[in-house]
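Residue numbers (UniProt numbering), protein chains in the order written: chain A, 1 to 213; chain B, 1 to 213.
The beta-carbon is built from N, C-alpha and C at its ideal position, and this holds for glycine as well.
Protein chains: 2
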Amino acid sequence: MAEIMKVHGSVLSTAAQRVFACLYEKELEFELIPVNMAAGEHKKEPFLALNPFGQVPAFEHGDLKLFESRAITQHIAHGYADKGTPLVLPGKQMAILSVWMEAEAHQFDPVASKLNWELIFKPMFGIPTDNAAVEENEAKLGKVLDIYESRLAQSKYLGGDIFTLADLHHIPNISYAMRTQVKKLFDSRPHVSAWVADITSRPAWSKVVAMNK
Amino acid sequence: MAEIMKVHGSVLSTAAQRVFACLYEKELEFELIPVNMAAGEHKKEPFLALNPFGQVPAFEHGDLKLFESRAITQHIAHGYADKGTPLVLPGKQMAILSVWMEAEAHQFDPVASKLNWELIFKPMFGIPTDNAAVEENEAKLGKVLDIYESRLAQSKYLGGDIFTLADLHHIPNISYAMRTQVKKLFDSRPHVSAWVADITSRPAWSKVVAMNK
Numbered sequence: 001m002a003e004i005m006k007v008h009g010s011v012l013s014t015a016a017q018r019v020f021a022c023l024y025e026k027e028l029e030f031e032l033i034p035v036n037m038a039a040g041e042h043k044k045e046p047f048l049a050l051n052p053f054g055q056v057p058a059f060e061h062g063d064l065k066l067f068e069s070r071a072i073t074q075h076i077a078h079g080y081a082d083k084g085t086p087l088v089l090p091g092k093q094m095a096i097l098s099v100w101m102e103a104e105a106h107q108f109d110p111v112a113s114k115l116n117w118e119l120i121f122k123p124m125f126g127i128p129t130d131n132a133a134v135e136e137n138e139a140k141l142g143k144v145l146d147i148y149e150s151r152l153a154q155s156k157y158l159g160g161d162i163f164t165l166a167d168l169h170h171i172p173n174i175s176y177a178m179r180t181q182v183k184k185l186f187d188s189r190p191h192v193s194a195w196v197a198d199i200t201s202r203p204a205w206s207k208v209v210a211m212n213k
Numbered sequence: 001m002a003e004i005m006k007v008h009g010s011v012l013s014t015a016a017q018r019v020f021a022c023l024y025e026k027e028l029e030f031e032l033i034p035v036n037m038a039a040g041e042h043k044k045e046p047f048l049a050l051n052p053f054g055q056v057p058a059f060e061h062g063d064l065k066l067f068e069s070r071a072i073t074q075h076i077a078h079g080y081a082d083k084g085t086p087l088v089l090p091g092k093q094m095a096i097l098s099v100w101m102e103a104e105a106h107q108f109d110p111v112a113s114k115l116n117w118e119l120i121f122k123p124m125f126g127i128p129t130d131n132a133a134v135e136e137n138e139a140k141l142g143k144v145l146d147i148y149e150s151r152l153a154q155s156k157y158l159g160g161d162i163f164t165l166a167d168l169h170h171i172p173n174i175s176y177a178m179r180t181q182v183k184k185l186f187d188s189r190p191h192v193s194a195w196v197a198d199i200t201s202r203p204a205w206s207k208v209v210a211m212n213k
């Protein structure tokens, strides 16, 4: 297709950042169509025609319209297998990678997103932080990171020996969390800490960070 | 591989049922290794060696060990493409299917699981139902099903014109919900209602239901 890929979203959104990181890893050109979430544009038309659930990002490429960040990244990774970083693996290795993509989605993200909401976004919007929720979710995140520590003692990356979507999907929430008191939970686990340093220093992620400047 | 596939889980678990339904759709033989969740076996060794997060199901096939139900179903659907029901689609159609798999995981499942916990499992365990949580989650589910109603007015199944994993992943939670007051939310939406009748009457699902008898 000759049309450029379009990502509708906000540079502050972790879900949108996941898609930007994937596109940069794949060295694919795209256009950001900003969605003003503070003005509630994601809950109104025309955005709802792109994602009826009213969440960023939405993705358009010619007549292909997608939403849900992890569906978009998987489409890009599989559809542009010969470009940039591989990000996915063949056969049984893909099955292992899928396990850790699901772990990110169901074990890590709910807890890390809640912590970032309390410690980054609520202060940004002038809403008081719920300290009990922070304490509860720090305990949960600690347990998840104990499991990651064991996994990363066995293989350099979550999905296997190379950097894949299973790692990439974590970067936006980790990047926010590292600016908060939650940083200590990553720093105190040596394999997790080395993995965080590795995946957040990738050139593709630096380009996402630069979008915020 | 000559080894039979093993699913470690409980016949009552919606996540395990997702995997059973997938294996029956693919006409693959498997062995159920019961995990006594009432006795907390899923939070202890040897189960934790199969899934460190302590959740059923876990899947074993020779030296391949997987967890997270949706990772297991995707492995089975892609790995046994020539057996039974296709369940996945090629190229861009797969991208659309992935969008609706993600919608199930992030929009439908959290709300439907919470309702089933309050209305099926809490009464089963003699714990009082939280009626405020039921009311809140019924309102949320109604909004999700409004979006499904629009989608299913356009295509017979969520992922496209054929039954796929995007539909299959919904069946266990829908099947429980249809035994509760939540049934009205499905029945009152004609396309959703026809879809529910269709996907819950599949022979593969009948075999999962029969496992409970």
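Proximity test, Cβ basis, 9 angstroms: residue i and chain B
i                     : result
Gln-154 (chain A)     : no
residue 258 (chain A) : Because residue 258 (chain A) is not part of the residues shown, which for chain A are 1 to 213, the question remains open.
residue 235 (chain A) : It is not possible to answer for residue 235 (chain A), since the shown part of chain A is limited to 1 through 213.
Ala-16 (chain A)      : no
Pro-57 (chain A)      : no
Glu-138 (chain A)     : no
Ser-150 (chain A)     : yes
Ser-98 (chain A)      : yes
Val-144 (chain A)     : yes
Ala-105 (chain A)     : yes
Ala-95 (chain A)      : yes
Residue-level contact to chain A via CB, residue i, 9 angstroms cutoff
i                 : result
Ser-113 (chain B) : no
Val-88 (chain B)  : no
Gly-91 (chain B)  : yes
Ile-147 (chain B) : yes
His-8 (chain B)   : no
Glu-45 (chain B)  : no
Met-101 (chain B) : yes
His-191 (chain B) : no
Leu-64 (chain B)  : yes
Ile-4 (chain B)   : no
Ala-81 (chain B)  : no
Val-209 (chain B) : no
Residues bridged to residue i (per DSSP)
i                : result
Met-5 (chain B)  : B:Phe-30
Phe-20 (chain A) : According to DSSP, which records beta bridges pairwise, Phe-20 (chain A) is partnered with nothing at all.
Ala-58 (chain A) : A:His-8 and A:Phe-67
Selection from the options that minimises the alpha carbon distance to residue i
i                     : options                                       : result
Gly-40 (chain B)      : B:Leu-28, B:Val-56 and B:Glu-27               : B:Val-56
Leu-152 (chain B)     : B:Trp-100, B:Ile-33 and B:Val-182             : B:Trp-100
Val-134 (chain A)     : A:Asn-36, A:Val-196 and A:Ser-113             : A:Ser-113
Asn-116 (chain B)     : B:Leu-32, B:Val-19 and B:Met-178              : B:Met-178
Arg-18 (chain B)      : B:Asp-109, B:Gly-159 and B:Asp-187            : B:Asp-109
Lys-26 (chain B)      : B:Glu-138, B:Val-209, B:Lys-143 and B:Thr-73  : B:Thr-73
Asn-36 (chain A)      : A:Val-11, A:Leu-50 and A:Asn-51               : A:Val-11
Ala-194 (chain A)     : A:Glu-29, A:Met-94 and A:Asp-167              : A:Asp-167
Gly-182 (chain A)     : A:Lys-122, A:Asp-63, A:Lys-43 and A:Leu-141   : Note that residue 182 (chain A) is Val in the sequence shown, not Gly. Among A:Lys-122, A:Asp-63, A:Lys-43 and A:Leu-141, the Cα nearest to that of Val-182 (chain A) is on A:Leu-141.
Ala-95 (chain B)      : B:Ser-175, B:Asp-187 and B:Thr-164            : B:Thr-164
Gly-79 (chain B)      : A:Pro-86, A:Gly-54, A:Pro-90 and A:Asp-82     : A:Pro-90
Val-196 (chain A)     : A:Val-209, A:Ala-139, A:Ile-162 and A:Tyr-157 : A:Tyr-157
Thr-180 (chain B)     : B:Asp-130, B:Leu-119 and B:Tyr-148            : B:Leu-119
Asp-146 (chain A)     : A:Ser-206, A:Arg-189 and A:Phe-67             : A:Arg-189
Ile-64 (chain A)      : A:Leu-28, A:Val-7, A:Gly-160 and A:Phe-53     : The sequence shown places Leu at residue 64 (chain A), not Ile. Per the Cα distances, A:Val-7.
Ile-4 (chain B)       : B:Pro-46, B:Leu-48, B:Ala-15 and B:Phe-59     : B:Phe-59
Val-88 (chain A)      : A:Gly-159, A:Met-211 and A:Leu-185            : A:Gly-159
Cys-22 (chain A)      : A:Glu-102, A:Ala-103, A:Ile-162 and A:Ser-69  : A:Ser-69
Gly-62 (chain B)      : B:Leu-50, B:His-106 and B:Ala-105             : B:Leu-50
Asn-137 (chain B)     : B:Val-111, B:Ala-204 and B:Glu-31             : B:Val-111
residue 215 (chain A) : A:Pro-172, A:Leu-185 and A:Phe-30             : Because chain A spans 1 through 213 in this model, residue 215 (chain A) falls outside it and cannot be assessed.
Pro-86 (chain B)      : B:Lys-184, B:Tyr-176 and B:Ile-162            : B:Ile-162
Cβ of residue i within 9 angstroms of any chain D Cβ
i                 : result
Asn-137 (chain A) : Absent from the structure is chain D; the protein chains it does hold are A and B.
(Q) My parser needs the alpha helix (DSSP H) runs of 4 or more residues fully inside the region 76 to 113 of chain B; what are they? (A) 91 to 103
(Q) By the 7 angstroms beta-carbon criterion, what residues does the region 66 to 78 of chain B contribute toward chain A? (A) Leu-66, Phe-67, Glu-68, Arg-70, Ala-71, Gln-74 and His-75
Q: List in chain order: all unbroken alpha helix (DSSP H) runs of 4+ residues lying wholly within the region 130 to 167 of chain B.
A: 131 to 154
Q | Contact residues within the region 26 to 54 of chain A, judged by C-beta distance below 8 angstroms to chain B | A | Pro-52 and Phe-53
Q: Below 8 angstroms between beta carbons is the criterion; list the residues of the region 160 to 187 of chain A that meet it against any residue of chain B, in chain order.
A: none
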